[in-house]
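Throughout the sequence shown, residue numbering follows the working numbering, covering 162 to 658 in sequence. Yeah, the Cβ is synthetic: ideal placement off N, Cα and C, and Gly gets one too. Since the structure comes first, as structure tokens, the remarks are kept for the end.
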Amino acid sequence: MRGIAMMWNWCEFEPVLGTKTFLPYAIDGLSYLVSAVSGSPSRVRVLLDDATTLSKLGGEKFDLIVTDPPYRDDVPYAELSDFYYVWLKRVLSDVVDLGGVLVRKPGFISEAFFDEYGSEIEVQWKVFAPREISENEGRSEVFGLISIGGRRVPVGSFDHFKQLLSESFKTMTSRLSDSGVLVTYYAHTTPEAWEALLEAGWVNAGLKITATHALLTESPQRVTARGATTLDMSIVVVWKKSVVGEALVDEVYAKAVEVCSEIADKYRRAGYTGVNLFVSVLGCVLSQFTQYRRVIGTRSLEDMVKNYVYPATAGAIAKSLTGVEVKLSPYSQFYMLAKVLVDRGRRTRRRLDSTTLVILSIGTRAEISHLNALRVVGKVDDEWVLLEPVFSRDIRASIEEVLREKNVNPQVSSFRSPIDVLHVLEYLAITEKSDVFKKRVEEIKSKSGLLVDEAIAVMRVFKEALPEEDVERRLAEKVIESFRAYTGTGLTMFTRK
162 MRGIAMMWNW
172 CEFEPVLGTK
182 TFLPYAIDGL
192 SYLVSAVSGS
202 PSRVRVLLDD
212 ATTLSKLGGE
222 KFDLIVTDPP
232 YRDDVPYAEL
242 SDFYYVWLKR
252 VLSDVVDLGG
262 VLVRKPGFIS
272 EAFFDEYGSE
282 IEVQWKVFAP
292 REISENEGRS
302 EVFGLISIGG
312 RRVPVGSFDH
322 FKQLLSESFK
332 TMTSRLSDSG
342 VLVTYYAHTT
352 PEAWEALLEA
362 GWVNAGLKIT
372 ATHALLTESP
382 QRVTARGATT
392 LDMSIVVVWK
402 KSVVGEALVD
412 EVYAKAVEVC
422 SEIADKYRRA
432 GYTGVNLFVS
442 VLGCVLSQFT
452 QYRRVIGTRS
462 LEDMVKNYVY
472 PATAGAIAKS
482 LTGVEVKLSP
492 YSQFYMLAKV
502 LVDRGRRTRR
512 RLDSTTLVIL
522 SIGTRAEISH
532 LNALRVVGKV
542 DDEWVLLEPV
552 FSRDIRASIE
562 EVLREKNVNP
572 QVSSFRSPID
582 VLHVLEYLAI
592 TEKSDVFKKR
602 VEEIKSKSGL
612 LVDEAIAVMR
622 VFKEALPEED
632 VERRLAEKVI
642 ESFRAYTGTG
652 LTMFTRK
């Protein structure tokens with residue numbers, strides 16, 4: 162519900178199978194649901210309640226709670242849904258004649274349309290917006306400050322969102338049986354939003370993440386996805402009680418990279434790319450960090466998420482590409498992940514929207530200002546682009562264009578970054594004969610040996626992970642071939658431990 166033009170684009174029907182084939186499947190599914198519910202020893206009730214209190218449930222405990230918490234600042238539901246709130250109020254309420262005046266009286270779910278004194282609620286935002294668990298700064302202008310958990314915070318602020326989210330998690334946890342499971346759906350790309358979820362579920366409610374699953378929950382063709390890199394996945398997060406023990410942050414980090422690299426490989430093979438892949442692997446990493454009551458070595462939750470959780474996610478993805486944990490500088494890792502994760506047009510460079518740029522920057526610990534200064538990225542018409550070779554029938558012209566834009570001279574031996582060296586090696590491999598190539602490589606290694614090693618490690622990934630039509634895959638293959646021509650070992654002479 163986003164307050165924009167909508168069109169139904171999904172139904173429980175498969176046109177290829179046809180009505181005669183598909184309809185029995187639909188009937189069987191509905192029959193199963195009816196039998197499962199009717200055969201349950203528990204009563205089925207539909208309740209409208211506040212997630213921060215759940216006061217209508219009495220002292221009941223549950224084995225399973227499934228919820229879809231608000232995604233921070235995604236949608237101000239109370240305001241946007243008011244247009245159909247007035248319709249529902251008319252449909253679900255009764256009308257009585259009081260002295261010739263028609264007056265509504267409570268009917269179905271009366272608490273949604275009438276206050277505790279029986280007075281009609283005119284529009285829902287006036288009553289429910291201050292209680293909605295979401296961030297909408299404009300609400301503070303109308304509602305001012307509110308007291309939550311002993312603190313006064315502006316209604317609609319990020320602090321207001323975090324406080325209400327924490328209260329709801331603590332309440333839901335109190336309703337779980339000791340072996341119960343809480344399942345949440347979450348879809349956000351910013352570190353702050355995930356910090357809020359961890360603060361609510363892990364820190365304040367004492368829950369741990371035991372499993373995560375990435376599900377496609379948004380249509381790639383939706384209106385809000387047009388012209389932008391967006392998140393199509395939701396992360397299904399499974400929480401349980403009994404968070405115990407403590408561990409050193411470096412040990413948790415290493416384990417997260419090891420375990421989640423296998424998850425990253427699975428998602429990559431399933432076709433996940435970009436922010437969808439990153440957030441999917443992020444769920445796995447969070448499951449490792451929340452196993453403990455305390456992670457020693459972090460200054461705060463913000464420090465843990467930005468300096469360990471996000472980088473471990475990037476590290477797991479990088480390891481899934483090579484099979485081993487590659488020790489790369491932040492700038493090499495950024496360039497490598499941007500090349501592998503971000504799609505581009507056949508004849509254009511990869512464009513990095515703000516979300517992708519920030520995620521990769523935080524995940525690799527490469528500051529955007531430094532990436533720009535080192536000419537790893539650049540701005541074109543107010544958009545960030547990756548400074549990479551583009552498709553051309555003349556590969557030499559393509560790599561020469563990159564070197565000119567980066568102001569890199571391939572005839573010198575000292576360079577600013579491994580990516581400069583990578584592009585110079587690509588240029589030398591297609592312009593020089595074997596003996597000259599060997600001489601130049603040795604000269605560069607004598608002054609920038611570590612940069613050469615990093616450049617080669619990145620090229621190994623490009624050779625395996627980039628699509629065949631990518632110019633830089635062909636350039637990486639050419640570099641490997643040139644090394645093999647005079648060493649007989651390809652790149653292994655530089656990558657052997």
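DSSP beta-bridge partners of residue i
i: residue 398; result: 345, 373
i: residue 357; result: According to DSSP, residue 357 bridges with nothing at all.
i: residue 228; result: 345
i: residue 408; result: 456
i: residue 223; result: 337
i: residue 545; result: 513, 540
i: residue 264; result: 257
i: residue 306; result: 315
i: residue 281; result: 275
Distance between residue j and residue i (C-alpha atoms, nearest Å)
i: residue 279; j: residue 363; result: 39 Å
i: residue 367; j: residue 358; result: 12 Å
i: residue 415; j: residue 566; result: 37 Å
i: residue 284; j: residue 262; result: 21 Å
i: residue 337; j: residue 475; result: 34 Å
i: residue 396; j: residue 287; result: 32 Å
i: residue 630; j: residue 546; result: 19 Å
i: residue 636; j: residue 593; result: 13 Å
i: residue 281; j: residue 274; result: 6 Å
i: residue 568; j: residue 580; result: 13 Å
i: residue 728; j: residue 404; result: Only positions 162 to 658 of the chain appear in this structure, which leaves residue 728 out of reach.
i: residue 645; j: residue 588; result: 16 Å
i: residue 454; j: residue 423; result: 25 Å
i: residue 205; j: residue 249; result: 22 Å
i: residue 542; j: residue 511; result: 14 Å
i: residue 460; j: residue 231; result: 27 Å
i: residue 272; j: residue 212; result: 15 Å
i: residue 375; j: residue 182; result: 30 Å
i: residue 408; j: residue 488; result: 23 Å
i: residue 643; j: residue 330; result: 59 Å
i: residue 218; j: residue 626; result: 52 Å
i: residue 302; j: residue 536; result: 43 Å
Distance CB(residue i)-CB(residue j) smaller than 7 Å
i: residue 738; j: residue 327; result: Outside the displayed span of the chain (162 to 658) sits residue 738, for which this structure offers no information.
i: residue 517; j: residue 399; result: no
i: residue 369; j: residue 452; result: yes
i: residue 311; j: residue 324; result: no
i: residue 425; j: residue 442; result: yes
i: residue 528; j: residue 356; result: no
i: residue 413; j: residue 450; result: yes
i: residue 550; j: residue 560; result: yes
i: residue 502; j: residue 434; result: yes
i: residue 639; j: residue 591; result: yes
i: residue 322; j: residue 295; result: yes
i: residue 316; j: residue 300; result: yes
i: residue 582; j: residue 612; result: yes
i: residue 345; j: residue 228; result: yes
i: residue 269; j: residue 259; result: no
i: residue 276; j: residue 266; result: no
i: residue 477; j: residue 418; result: yes
i: residue 257; j: residue 264; result: yes
i: residue 615; j: residue 493; result: yes
i: residue 401; j: residue 371; result: yes
DSSP state of residue i mapped onto helix, strand, coil
i: residue 256; result: strand
i: residue 504; result: coil
i: residue 461; result: coil
i: residue 488; result: coil
i: residue 429; result: helix
i: residue 315; result: strand
i: residue 294; result: coil
i: residue 640; result: helix
i: residue 244; result: helix
i: residue 289; result: helix
i: residue 207; result: coil
i: residue 440; result: helix
i: residue 478; result: helix
i: residue 603; result: helix
i: residue 582; result: helix
i: residue 472; result: helix
Three or more beta-carbon pairs under 8 Å between the region 522 to 540 and the region 551 to 558, yes or no? no
With a threshold of 8 Å, are at least 3 pairs of Cβ atoms found where one atom belongs to the region 496 to 515 and the other to the region 454 to 470? no
Under 8 Å, with one C-beta from each stretch per pair, do the region 600 to 617 and the region 567 to 576 reach the 3-pair mark? yes
Does the region 288 to 295 come into contact with the region 230 to 245, if we say contact requires no fewer than three beta-carbon pairs (one atom in each stretch) closer than 8 Å? yes
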